[in-house]
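Trainee: Protein chains in written order, with my numbering: chain L, 88 to 280; chain B, 25 to 425. Ideal Cβ placement from N, Cα and C applies to all residues, glycine included. Got a structure for you, written out below as structure tokens; questions coming shortly.
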Amino acid sequence: MIEIRWHGRGGQGAKTAALLLADAAFEAGLYVQGFPEYGPERMGAPITAYNRLDGAPIRVHSNIYEPDMVVVVDETLIGPVDVTAGLKPGGRIAVNTNRPPEAVRDLFPGTGAEIYAVDAADISTRNLGRNLPNTPLLSVVARLTGIVEEKVFFAQMEAAFRHKFASKPEVIAGNMSALREAWFGAVLVNGDE
Amino acid sequence: MSKRDRMSGNEAIATAIRQIDPDVIAAFPITPSTEIPQYISGFKANGLISTEFIAVESEHSAMSACIGAAAAGVRAMTATSSAGMALMYELLYIAASDRLPIVLAAVNRALTGPININADHSDSMGARDSGWIQIYSENAQEAYDNMLMAHRIGEHADVMLPVMICQDGFITSHAIENILLEEDETARAFVGVYDPPHHILDPAEPAAVGPYSVSPYVMEMKRAQFEGMARAGGVILEVAADFEKTFGRRYGFFEEYRMEDAESAILIMSSAAGTAKDAVDRLRGKGVRAGLVKLRVFRPFPAAELAAALSGVKALAIMDRSDGFSGNGGPLGAEVRAALYGRADGIRTINLVYGLGGRDTRVEDFENIYAELEEMKDGPTDASPYCRHIGQRENTNKGTD
Chain L
88 MIEIRWHGRG
98 GQGAKTAALL
108 LADAAFEAGL
118 YVQGFPEYGP
128 ERMGAPITAY
138 NRLDGAPIRV
148 HSNIYEPDMV
158 VVVDETLIGP
168 VDVTAGLKPG
178 GRIAVNTNRP
188 PEAVRDLFPG
198 TGAEIYAVDA
208 ADISTRNLGR
218 NLPNTPLLSV
228 VARLTGIVEE
238 KVFFAQMEAA
248 FRHKFASKPE
258 VIAGNMSALR
268 EAWFGAVLVN
278 GDE
Chain B
25 MSKRDRMSGN
35 EAIATAIRQI
45 DPDVIAAFPI
55 TPSTEIPQYI
65 SGFKANGLIS
75 TEFIAVESEH
85 SAMSACIGAA
95 AAGVRAMTAT
105 SSAGMALMYE
115 LLYIAASDRL
125 PIVLAAVNRA
135 LTGPININAD
145 HSDSMGARDS
155 GWIQIYSENA
165 QEAYDNMLMA
175 HRIGEHADVM
185 LPVMICQDGF
195 ITSHAIENIL
205 LEEDETARAF
215 VGVYDPPHHI
225 LDPAEPAAVG
235 PYSVSPYVME
245 MKRAQFEGMA
255 RAGGVILEVA
265 ADFEKTFGRR
275 YGFFEEYRME
285 DAESAILIMS
295 SAAGTAKDAV
305 DRLRGKGVRA
315 GLVKLRVFRP
325 FPAAELAAAL
335 SGVKALAIMD
345 RSDGFSGNGG
355 PLGAEVRAAL
365 YGRADGIRTI
375 NLVYGLGGRD
385 TRVEDFENIY
395 AELEEMKDGP
405 TDASPYCRHI
415 GQRENTNKGT
425 D
């Protein structure tokens, strides 16, 4: 089972990304869970969302405390929130940041995790005209999990966006180009891929 | 052919409702309700259902409208949650005593004080004496399946009682999980057509529903209602047997998980049962004879069957996701112990209140409970039964600094 924990702020789309990742994994034939942790819902408040992906049916209905991967949608959460709590040895971190690699490494001292940095804010702003970092991060996470091939993933997401944005189709192209740019857009800052 | 899909528990319930295409749905469309009425109004707007959808101004009105519709002989449904269900309580009793087989999709969430929107069973447990059949679901699949069975149970001529299909708020209602859906035609054929034996619009049979009843008649009515509930058990099993024959998924009053030779068992309802099953598997891997009973049907309460299923265990933890504040255990704790009394005496029991207001319950929490049961199982059988809460922080502030 792959367990993923998303850390974002209300309004950044961490929940949507987790649900879309569940969609992609489902289409790839897996058993999935995608769920947010509901607290006081307000823009900017720290929120957590979760994914479980497995080849066998998933019965557990609790939050994830020992994730294989942590996704940091907003780096200002590092510190106020213990985003790497319980991260498995050899686990992975995907973080939205524009810092240089050394500085990204310093954000997660002593975790022993593979750290992937992506400037999701920049990719989003250039492709969508808005800072919605969840779409680029979704692409990074989908690649890192290895659950789905690139082409299949893009086709699935295009279908999902057509459904989700049925009333505003003008945003589909921007979301798709953000996804494509981000697929190989993350840099492993502490090793060789 | 079942179709593999993935969706939230809310969407699963809404899908079942779309397939059933009931005559009337009356629901309060915003908080504390769920996405279920939202899905239904979408189906209606898109012409996928022929249902009359009434967006009422309160849950009290929602159930009132359902009562009126059901009295007129049509299939009526609603969906609610938490404080919304509490606002319905008065009408829940009326629906049951008028013998109207309304179906309610309940998403179990806490009742306020402090304000909280998350999962626990306080809302439907507050309706446990209202005369409704109550069926609880572990996941989206069970919520969907239970909804497909609900009408056939409630509308059965031997029963004629309303039915509540419950699932855990957020934990399954808002989580995306895999599900097998049945084809619309097959699902609809299974549910069947409702042909009420009596209704108030039949000119050949003038009748009153819910009139004032003087003392010389009330008890006869209540006794008849009791008998309907007593007969519901058999109908629930009949419908489950046909469901299994039709769709291949098996249901009973409860599910027994690795109970064959179990010495320590947990009795639990709804989503946390899945988490507890993972704990059972871990412990079985270590040679611990752990088992689990997941109660599906809470009303009518299958006392004799539960006692038979539990008779072989030495120690039992009864898990309550609400606190009845009786001082004598939660609702499940009290009823399960009453069911065991005289049928399966000598089982060491503890009653644990867990998961209030959405407090997360982990596999490790259940492992700890089984460890406690293992210590109890060969201990004295005459220890006083007790109830306590688990998973909360204790107040360690002994004074001011």
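1. Could you tell me the boundaries of the alpha helix (DSSP H) in which Ser239 of chain B lies?
2. Expressed to the nearest angstrom, what Euclidean distance is found between the alpha-carbon atoms of Ala164 of chain B and Ile78 of chain B?
3. Does any C-beta atom of chain L lie closer than 8 angstroms to the C-beta of Lys301 of chain B?
4. For the putative contact between Arg30 of chain B and Asn170 of chain B, defined by C-beta atoms under 8 angstroms, what is the C-beta separation to the nearest angstrom?
5. Taking the alpha helix (DSSP H) that Thr104 of chain B belongs to, which residues open and close that run?
6. Check whether the region 272-281 of chain B touches the region 371-389 of chain B, counting contact only when three or more Cβ pairs, one atom from each stretch, lie closer than 8 angstroms.
7. Excluding the 5 residues flanking Lys338 of chain B on each side, which residues of the same chain have their C-beta closer than 6 angstroms to its C-beta?
8. Should Arg267 of chain L and Leu231 of chain L be called a contact, given that it needs their Cβ atoms to be closer than 8 angstroms?
9. Can you name the residues of chain L whose CB is closer than 9 angstroms to the CB of Phe67 of chain B?
10. For the region 146-180 of chain L, enumerate the residues whose C-beta is nearer than 9 angstroms to any C-beta of chain B, in chain order.
11. Give a yes or no on whether the C-beta atoms belonging to Tyr168 of chain B and Ile37 of chain B are separated by under 8 angstroms.
12. Tell me the residue span of the alpha helix (DSSP H) that contains Gln165 of chain B.
13. List, in chain order, every chain B residue whose beta-carbon is nearer than 9 angstroms to that of Val119 of chain L.
14. In chain B, what lies closer than 8 angstroms to Ala122 of chain L by C-beta?
15. Determine the extent of the alpha helix (DSSP H) in which Asp302 of chain B is found, giving its start and end residues.
16. CB Arg123 of chain B to CB Tyr218 of chain B, shorter than 8 angstroms?
17. Using CA coordinates, which residue listed in L:Ile89, L:Gly98, L:Arg92 is at the minimum distance from Pro220 of chain L?
18. State the CB to CB distance for the pair Gly142 of chain L and Leu117 of chain L, rounded to an integer number of angstroms; the pair is presumed to be in contact (CB under 8 angstroms).
19. What residue does the alpha helix (DSSP H) around Lys338 of chain B start on, and which one ends it?
20. Could you tell me whether the Cβ atoms of Asp192 of chain B and Arg146 of chain L are closer together than 8 angstroms?
21. Which one of B:Ser146, B:Asp208, B:Phe349, B:Pro56 has the shortest CA to CA distance from Leu135 of chain B?
22. Helix, strand or coil: which one does DSSP assign to Asn138 of chain L?
23. Starting from Thr385 of chain B, find everything on chain L with Cβ-Cβ shorter than 9 angstroms and list it in chain order.
24. Taking 8 angstroms as the CB-CB cut-off, is Asn113 of chain L touching chain B?
25. Quick one: Cα of Val274 of chain L to Cα of Glu236 of chain L, how far?
26. Once the 5 residues before and after Ser403 of chain B are set aside, which same chain residues still bring their CB inside 7 angstroms of it?
27. Less than 8 angstroms between CB atoms is the rule here; does Leu140 of chain L satisfy it with respect to chain B?
28. Tell me the start and end of each unbroken beta strand (DSSP E) in the region 45-132 of chain B that is at least 3 residues and wholly inside, in chain order.
29. State the Cα-Cα distance for the pair Gly108 of chain B and Ala130 of chain B, rounded to the nearest angstrom.
30. Once DSSP output is grouped into helix, strand and coil, what is the label at Arg417 of chain B?
31. How would you label His222 of chain B, buried or exposed, when you count the other beta carbons within 10 angstroms and need 16 or more for buried?
32. Considering only residues of the region 337-371 of chain B, which uninterrupted alpha helix (DSSP H) runs meet the minimum length of 4 residues and lie entirely inside it, listed in chain order?
33. Starting from the beta carbon of Ala107 of chain B, find every residue of chain L whose beta carbon is closer than 7 angstroms, and list them in chain order.
34. How big is the Cα-Cα spacing for Leu334 of chain B and Arg320 of chain B?
35. Restricting to Cα atoms, I'd like to know which of L:Asn262, L:Thr103, L:Ala132, L:Trp270 is closest to Thr212 of chain L.
36. Closest by CA to Ala265 of chain L, which one among L:Gly121, L:Gln120, L:Ser149, L:Arg217?
Mentor: So, from the listed chains and residues:
1. Translated into positions along the second sequence, residue 239 of chain B becomes position 215. Its alpha helix (DSSP H) spans residues 239-271.
2. As a first step, residue 164 of chain B must be located in the second sequence, where it is residue number 140. As a first step, residue 78 of chain B must be located in the second sequence, where it is residue number 54. One C-alpha to the other measures close to 25 angstroms.
3. Within the second sequence, numbered from 1, the residue matching residue 301 of chain B stands at position 277. Interface residue, yes.
4. Taking the second sequence and counting its residues from 1, the one referred to as residue 30 of chain B is at position 6. Taking the second sequence and counting its residues from 1, the one referred to as residue 170 of chain B is at position 146. Contact doesn't hold; Cβ gap of about 19 angstroms is too wide.
5. Working through the second sequence from its first residue, we reach residue 104 of chain B at position 80. First-last for Thr104 of chain B: 100-105, but that is the beta strand (DSSP E), not the alpha helix (DSSP H).
6. no
7. To locate residue 338 of chain B, count along the second sequence from 1; it is residue 314. Taken in chain order, the residues that qualify are Glu287, Lys401.
8. Here residue 267 of chain L is taken as the residue at index 180 of the first sequence, counted from 1. Here residue 231 of chain L is taken as the residue at index 144 of the first sequence, counted from 1. No. Outside cutoff.
9. For the purposes of this step, residue 67 of chain B is taken as the residue at position 43 of the second sequence. None at all; the shortest Cβ gap to chain L is about 16 angstroms.
10. Arg146, Val147, His148, Ser149, Asn150, Tyr152
11. Indexing the second sequence from 1 puts residue 168 of chain B at position 144. Indexing the second sequence from 1 puts residue 37 of chain B at position 13. Result yes, Cβ atoms of Tyr168 of chain B and Ile37 of chain B sit closer than 8 angstroms.
12. By one-based count along the second sequence, residue 165 of chain B stands at place 141. Run containing Gln165 of chain B: 164-178, per the alpha helix (DSSP H) assignment.
13. Against the first sequence, residue 119 of chain L aligns to sequence position 32. In chain order: Arg30, Ile200, Glu201, Asn202.
14. Numbered from its first residue, the first sequence carries residue 122 of chain L at position 35. Reading the sequence as shown, one finds Phe at residue 122 of chain L and not Ala. Neighbours of Phe122 of chain L on chain B, chain order: Phe194, Ile195, His198, Ala199, Ile200.
15. Taking the first residue of the second sequence as position 1, residue 302 of chain B is located at position 278. Per DSSP, Asp302 of chain B belongs to the alpha helix (DSSP H) from 296-309.
16. Reading the second sequence from its first residue, position 99 is the one you call residue 123 of chain B. Reading the second sequence from its first residue, position 194 is the one you call residue 218 of chain B. No.
17. For the purposes of this step, residue 220 of chain L is taken as residue 133 along the first sequence, with counting starting at 1. Of the candidates L:Ile89, L:Gly98, L:Arg92, the one whose C-alpha sits nearest the C-alpha of Pro220 of chain L is L:Gly98.
18. To locate residue 142 of chain L, count along the first sequence from 1; it is residue 55. To locate residue 117 of chain L, count along the first sequence from 1; it is residue 30. Yes, Gly142 of chain L and Leu117 of chain L are in contact; Cβ-Cβ is about 6 angstroms, under 8 angstroms.
19. Residue mapping note: residue 338 of chain B aligns to position 314 of the second sequence, counting from 1. Where Lys338 of chain B is concerned, there is no enclosing alpha helix (DSSP H), given that its DSSP letter is neither H nor E.
20. Along the second sequence, one-based indexing puts residue 192 of chain B at 168. Along the first sequence, one-based indexing puts residue 146 of chain L at 59. The answer is no: Cβ separation not under 8 angstroms.
21. As a first step, residue 135 of chain B must be located in the second sequence, where it is residue number 111. Ranking B:Ser146, B:Asp208, B:Phe349, B:Pro56 by Cα distance to Leu135 of chain B puts B:Ser146 first.
22. To locate residue 138 of chain L, count along the first sequence from 1; it is residue 51. The answer is strand: DSSP assigns Asn138 of chain L an E or B state.
23. By 1-based counting over the second sequence, the position of residue 385 of chain B is 361. Those within 9 angstroms of Thr385 of chain B in chain L are His148, Ser149.
24. To locate residue 113 of chain L, count along the first sequence from 1; it is residue 26. Residue identity differs from the one stated: residue 113 of chain L is Phe in this sequence, not Asn. Judged by the 8 angstroms Cβ criterion, Phe113 of chain L is in contact with chain B.
25. Taking the first sequence and counting its residues from 1, the one referred to as residue 274 of chain L is at position 187. Taking the first sequence and counting its residues from 1, the one referred to as residue 236 of chain L is at position 149. So the alpha carbons of these two residues sit roughly 19 angstroms apart.
26. Residue mapping note: residue 403 of chain B aligns to position 379 of the second sequence, counting from 1. For clarity, residue 403 of chain B is Gly in the given sequence; the question names Ser instead. Within the same chain, Gly403 of chain B has close Cβ partners Arg372.
27. What you label residue 140 of chain L is simply residue 53 of the first sequence in a count that begins at 1. Taking Cβ atoms only, chain B never reaches closer than 8 angstroms to Leu140 of chain L, which makes this a no.
28. 48-51, 76-79, 100-105, 127-132
29. Here the question's residue 108 of chain B lines up with position 84 in the second sequence. Here the question's residue 130 of chain B lines up with position 106 in the second sequence. For Gly108 of chain B and Ala130 of chain B, the distance between alpha carbons rounds to 10 angstroms.
30. Residue 417 of chain B sits at position 393 when you count from the first residue of the second sequence. Three-state DSSP puts Arg417 of chain B in coil, outside helix and strand.
31. Within the second sequence, numbered from 1, the residue matching residue 222 of chain B stands at position 198. Counting Cβ neighbours within 10 Å, His222 of chain B comes out exposed, since fewer than 16 surround it.
32. 355-364
33. Against the second sequence, residue 107 of chain B aligns to sequence position 83. Chain L residues near Ala107 of chain B: none, gap ~16 angstroms exceeds 7 angstroms.
34. Counting from one through the second sequence, the residue named residue 334 of chain B turns up at place 310. Counting from one through the second sequence, the residue named residue 320 of chain B turns up at place 296. Using only the alpha carbons, I get a separation of about 15 angstroms.
35. The count along the first sequence starts at 1 and reaches residue 212 of chain L at position 125. Nearest of L:Asn262, L:Thr103, L:Ala132, L:Trp270 to Thr212 of chain L, Cα basis: L:Asn262.
36. As a working note, residue 265 of chain L is residue 178 in the first sequence. Selected option, being the one with the closest Cα: L:Arg217.
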